[in-house]
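Student: Below you will find the structure I want to go over with you.
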Amino acid sequence: MPAPGQDTGVVYKILAAISVSHLLNDMMQSVLLALYPVLKGSFSLSFAQVGVITLAFQFSSSLLQPLIGAFTDKRPKPYSLPVGMGFTFCGLLLLSQAWNFPSVVAAAALIGMGSSVFHPESSRVARMASAGQHGLAQSIFQVGGNIGSSLGPLLAALIIVPLGQGSVAWFSLAALAAMLILTRVSRWYAANVNTERGRSSLGRTETGLSRRQVIGALGVLLILIFSKYFYLAGLNSYLTFYLMDRFGLTIQNAQYCLFVFLFAVAVGTLVGGPVGDRIGRKRVIWGSILGAAPFALALPYANLTWTIVLIFIIGLVIASAFSAILVYAQELVPGKTGMISGLFFGLAFGMAGIGAAALGSLADATSIEFVYKVCSFLPILGFAAFLLPERRRIRQ
-8 MPAPGQDTGV VYKILAAISV SHLLNDMMQS VLLALYPVLK GSFSLSFAQV
42 GVITLAFQFS SSLLQPLIGA FTDKRPKPYS LPVGMGFTFC GLLLLSQAWN
92 FPSVVAAAAL IGMGSSVFHP ESSRVARMAS AGQHGLAQSI FQVGGNIGSS
142 LGPLLAALII VPLGQGSVAW FSLAALAAML ILTRVSRWYA ANVNTERGRS
192 SLGRTETGLS RRQVIGALGV LLILIFSKYF YLAGLNSYLT FYLMDRFGLT
242 IQNAQYCLFV FLFAVAVGTL VGGPVGDRIG RKRVIWGSIL GAAPFALALP
292 YANLTWTIVL IFIIGLVIAS AFSAILVYAQ ELVPGKTGMI SGLFFGLAFG
342 MAGIGAAALG SLADATSIEF VYKVCSFLPI LGFAAFLLPE RRRIRQ
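Residues in the sequence shown are numbered consecutively from -8, following the numbering used here.
In structure tokens, the structure reads:
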């Protein structure tokens, strides 16, 4: 790892390390999502109960993330990264041996607690390592998570579906690998947080915006987070059920289609940050969410072939927004990188959890196809991005 003070450029080794850790973290989390059809059959769960599992996972993460981020903005705790990953390790072991619905919910909550530490602290590390290329750094960090999310269903189809729930325990080895990587990242973080690199990337600067403008812009970003993650909750949690119900696919084939969507999300995430650095984050934000609208509106009426094409396009387009949204928010409230990162990751997870529970209840009351028709209108809320203020040049 680079020594403190010796490298003032982008520290790609650190970005690669937290990206790989993000890959492992989100791969383990997506195993939970991919396991839903197995759990539903084993414990005779309703769609509403499937939504409650997602809610437990998302809320244990989302409620704690901004609190942990705000705390570490004042008192950095570099070695909290491997400690937090230990919660994920315990959650996976419990999930592999879960004997009823409450134990599954408890395992999901433990896995969520691991994320509550990992995301805000890793976002601080990414900003420190970015050397001013914040969108690039966030995209490198986040694409690891998206690739991991796409691998989860694929591994579930190849390993968990044929071997059963107990095979989830093997994925706890990924948590141990992540703990080892994050221990090295923590050493670099501890060595650099109080250097010029740490102070310049994480310190306060003048934005040129009034308090009213900042609050208004954050409100608009919240609307966009709602639009993006409520819609993604419908795809992440219920796409396999939708494909099985409408087109008669097997669990494994439906998991392969979910992999296509999540892989597209990974590609979109990698593209969104660097493009935002070049052309402006506001353009990327509105182009991403609003640009997905026509494809989302067409999805409920497409045949199987076009459904696969459309979910790939939707994933590619809509995923490019989050890096831009997060960096835009960090620039609105400088000096609060951990709190803002935790808040927006937490809101993203929280909205996804609420969305999963609400859409699951709606699916029980109507049908899974009706849910997809309702969700298709959510990306239209991307029009709100036009209300974001143009970022002025930050005064040094």
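From the three backbone atoms N, C-alpha and C, an ideal C-beta is built for every residue, glycine too.
(1) Answer with buried or exposed for ALA375, where buried requires no fewer than 16 other C-beta atoms within 10 angstroms of its C-beta.
(2) Leaving out five residues before and five after TYR319 in sequence, what residues of the same chain have Cβ atoms less than 6 angstroms from its Cβ?
(3) Hey, LEU23 and PHE48: beta-carbon distance below 8 angstroms or not?
(4) Give the DSSP-derived three-state secondary structure of ASN227 in the structure shown.
(5) Is GLN129 buried or exposed, if buried means 16 or more other CB atoms sit within 10 Å of its CB?
(6) Please state whether the Cβ-Cβ distance between ALA224 and LEU350 is less than 8 angstroms.
(7) For GLU112, does the count of other Cβ atoms within 10 angstroms reach 16, so buried, or fall short, so exposed?
(8) Do the stretch 240 to 255 and the stretch 147 to 166 make contact, defined as three or more Cβ pairs closer than 8 angstroms?
(9) In the DSSP assignment, find the alpha helix (DSSP H) that holds ASN16 and state where it starts and stops.
(10) Would ALA(-6) be called buried (16 or more neighbouring beta carbons within 10 Å of its own) or exposed?
(11) Taking the straight line between their C-alpha atoms, what separation do you get for ALA39 and ARG269?
(12) Does GLY0 pass the burial test, meaning 16 or more other C-beta atoms within 10 Å, or should it be called exposed?
(13) For ALA284 and VAL275, I'd like the C-alpha separation in whole angstroms.
(14) For LEU158, which option in ALA348, GLY329 and MET19 has the closest C-alpha, if you only look at C-alpha atoms?
(15) Taking ILE331 as the reference, which of PHE80, ILE59 and GLN124 has the closest Cα?
(16) Suppose you measure from the CA of SER87 to the CA of GLY123; what does that come to, to the nearest Å?
(17) Determine, using beta carbons only, whether ILE44 and VAL95 come nearer to each other than 8 angstroms.
(18) If you compare alpha carbons, which of LEU281, GLY105 and PRO291 is closest to PHE361?
(19) By DSSP, does PRO380 sit in helix, in strand, or in coil?
(20) Please look up how many angstroms separate the CB atoms of MET342 and PHE217, rounded, as I've assumed it's under 8 angstroms.
(21) May I have the straight-line CA-CA distance separating GLY(-4) from ALA120, to the nearest angstrom?
(22) How about LEU85 and ALA97: are their beta carbons less than 8 angstroms apart?
(23) Nearest to THR298 by alpha carbon, out of LEU213, PHE238, TYR27 and ALA25?
(24) Are the beta-carbon atoms belonging to TYR222 and ALA315 less than 8 angstroms from one another?
(25) If the criterion is Cβ atoms closer than 8 angstroms, does the pair GLY139 and ASN16 meet it?
(26) Rounding to the nearest angstrom, what Cα-Cα distance links VAL300 and ASP64 in this structure?
(27) Where do the N-terminal and C-terminal ends of the alpha helix (DSSP H) with GLY75 fall, by residue?
(28) Would a C-beta distance cut-off of 8 angstroms place PRO136 and LEU14 closer than the cut-off?
(29) Leaving out five residues before and five after PHE303 in sequence, what residues of the same chain have Cβ atoms less than 6 angstroms from its Cβ?
(30) Which residue comes first and which comes last in the alpha helix (DSSP H) that contains PRO111?
Tutor: Let me lay it out:
(1) buried
(2) ARG272
(3) yes
(4) helix
(5) buried
(6) yes
(7) buried
(8) yes
(9) 3 to 25
(10) Any answer about ALA(-6) is weak, because its pLDDT of 48 lies below 50 and its placement is not dependable; what the coordinates show is given next. That one is exposed.
(11) 43 angstroms
(12) exposed
(13) 15 angstroms
(14) Here residue 158 is Ser; the residue named in the question, Leu, does not match the sequence. That would be MET19, whose Cα lies nearest to the Cα of SER158.
(15) ILE59
(16) 42 angstroms
(17) yes
(18) PRO291
(19) coil
(20) 5 angstroms
(21) The predicted position of GLY(-4) is uncertain, since its pLDDT is 46 and thus under 50; a value taken from the coordinates is nonetheless stated next. Taking the straight line from one Cα to the other gives about 12 angstroms.
(22) yes
(23) PHE238
(24) no
(25) yes
(26) 42 angstroms
(27) 71 to 88
(28) Here residue 136 turns out to be Gly, not Pro, going by the sequence shown. Against a cut-off of 8 angstroms, the Cβ pair of LEU14 and GLY136 comes out as a contact.
(29) VAL251 and ALA255
(30) 92 to 120
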